[in-house]
Amino acid sequence: MSRTIDINSDMGEGFGAYRMGDDAAMLSIVTSANVACGFHGGDPLVMHETVTTAKANGVDVGAHPGFFDLWGFGRRRIVGERPADLEKTVVYQLGALQAMAQVAGHRVSHVKPHGAMSNMACIDADMADAIARAVRAVDRRLILMAMPNTELERAGEKAGLPVAREIFADRAYDDDANLVSRALPGAILHDAEESAQRVIDFIADGALRSVSGKRIPVAIDTVSVHSDTAGAVAMAQLLRRRLDEAGIAVRPLSQFIV
1 MSRTIDINSD
11 MGEGFGAYRM
21 GDDAAMLSIV
31 TSANVACGFH
41 GGDPLVMHET
51 VTTAKANGVD
61 VGAHPGFFDL
71 WGFGRRRIVG
81 ERPADLEKTV
91 VYQLGALQAM
101 AQVAGHRVSH
111 VKPHGAMSNM
121 ACIDADMADA
131 IARAVRAVDR
141 RLILMAMPNT
151 ELERAGEKAG
161 LPVAREIFAD
171 RAYDDDANLV
181 SRALPGAILH
191 DAEESAQRVI
201 DFIADGALRS
211 VSGKRIPVAI
221 DTVSVHSDTA
231 GAVAMAQLLR
241 RRLDEAGIAV
251 RPLSQFIV
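Sequence positions in the sequence shown follow my numbering and run 1 to 258.
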């Protein structure tokens, strides 16, 4: 199988004395890091450390903006926020990471919305358009990472942004190609072998399989592995090894998405 794929992970989500996940280990495996920008997680010191380590490992960095929700880790839905206000919060977070990356001698190459912001934008066209406008206003060369067949993907395309279609190694899908709610049994996969084989099957077939078995054709550019779940590093290591064995080249997004 001849194909190029990126492996991404959400990082820099601790703050102060609190740490989430083994970012240093993950940065030796993945090719793109989505760095929290201070709203749902992260702080200036954590951001700088994450970007600096990513640069040393040849890993792309992207902004990972979320709702202003430290207590809920950005996973709580915030309803009623005006799209124009959401747009400004994304610009704010993206600008913070760009400045930190410049100081560290790196650059921001992509944007991936976090948690509830992402989930809501996948089905809410106004939210999706606001995020895409924010990214385009800052730098139209930035890659927007989005789940395929969603409003966020369509908004990125409409805004003329380069778009990277993302699948999740350790999350189940419903029949609409959206993620199964974390509140439901089976939403998160914990078996590393099963997850790795599932990703390879999706890439080979050019399609997802939902929990009901429905085949959903999609484009796939990047695979997300969570950094804060039990066994995350081992799962990421195995996924990378299995992709290599399948002849799938693993490269940062900036090397093949234009």
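For each residue, glycine too, the CB sits at the ideal point set by N, CA and C. Note that this is a predicted model, so its numbers are computed, not measured.
- Segment contact: the region 89 to 108 against the region 58 to 66, three or more CB-CB distances shorter than 8 Å; contact assigned.
- In this structure, the straight-line span from the alpha carbon of R141 to that of R76 is close to 30 Å.
- Sequence-distant Cβ neighbours of G74 in its own chain, meaning closer than 8 Å and more than five residues away, are F39, H40, G41, G66, F67, H114, G115, A116, M117.
- N34 carries a strand assignment under DSSP once its states are collapsed to helix, strand and coil.
- Sequence-distant partners of G12 (beyond 5 residues in either direction) whose C-beta falls short of 6 Å from its own C-beta, in its chain, are V35, A36, G42, V46, M47, T50.
- No residue range can be given for L70, since it is assigned to no alpha helix (DSSP H) and is classified by DSSP as neither H nor E.
- P83: member of the alpha helix (DSSP H) spanning 83 to 103, first to last residue.
- The residues A104, in chain order, have a CB closer than 7 Å to that of T52 in the same chain once the five nearest residues on each side in sequence are set aside.
- C-alpha of V111 to C-alpha of G213: approximately 31 Å in a straight line.
- Taking the Cα positions, M26 is about 33 Å away from K158.
- When DSSP states are grouped into helix, strand and coil, L27 belongs to the coil group.
- Around the CB of I29, 16 or more other CB atoms lie within 10 Å, so the residue is classed as buried.
- Per the DSSP secondary-structure output, L142 pairs with nothing in a beta bridge.
- From the listed residues R3, R198, P252, A96, the smallest Cα separation to R171 is found for R198.
- With three or more CB-CB distances shorter than 8 Å, the region 187 to 207 counts as touching the region 234 to 250.
- In summary, Q98 is buried, with 16 or more beta-carbon neighbours lying within 10 Å of its beta-carbon over all protein chains present.
- When rounded, the separation of the alpha-carbon atoms in V61 and V211 is 32 Å.
- Assigned with DSSP and collapsed to three states, E245 falls in helix.
- A straight line joining the alpha-carbon of A246 with that of R154 spans about 31 Å.
- With 16 or more other Cβ atoms from the protein chains shown falling within 10 Å of its own Cβ, H106 counts as buried.
- Nearest to I123 by C-alpha distance, out of S109, P148, A101, D139, is P148.
- Apart from sequence neighbours up to five positions away, the residues of its chain that approach A130 with a beta-carbon distance below 6 Å are P83, L86, E87, ordered along the chain.
- Nearest to P185 by C-alpha distance, out of A236, D174, A192, is D174.
- F256 and V79 have their C-alpha atoms spaced approximately 36 Å apart.
- A straight-line Cα-Cα distance of about 20 Å links D6 and N178.
- If you ignore the 5 residues before and after A219, its C-beta comes within less than 7 Å of the C-beta of P148, R165, all in its own chain and listed in chain order.
- The Cβ atoms of V250 and T31 lie closer than 9 Å to each other.
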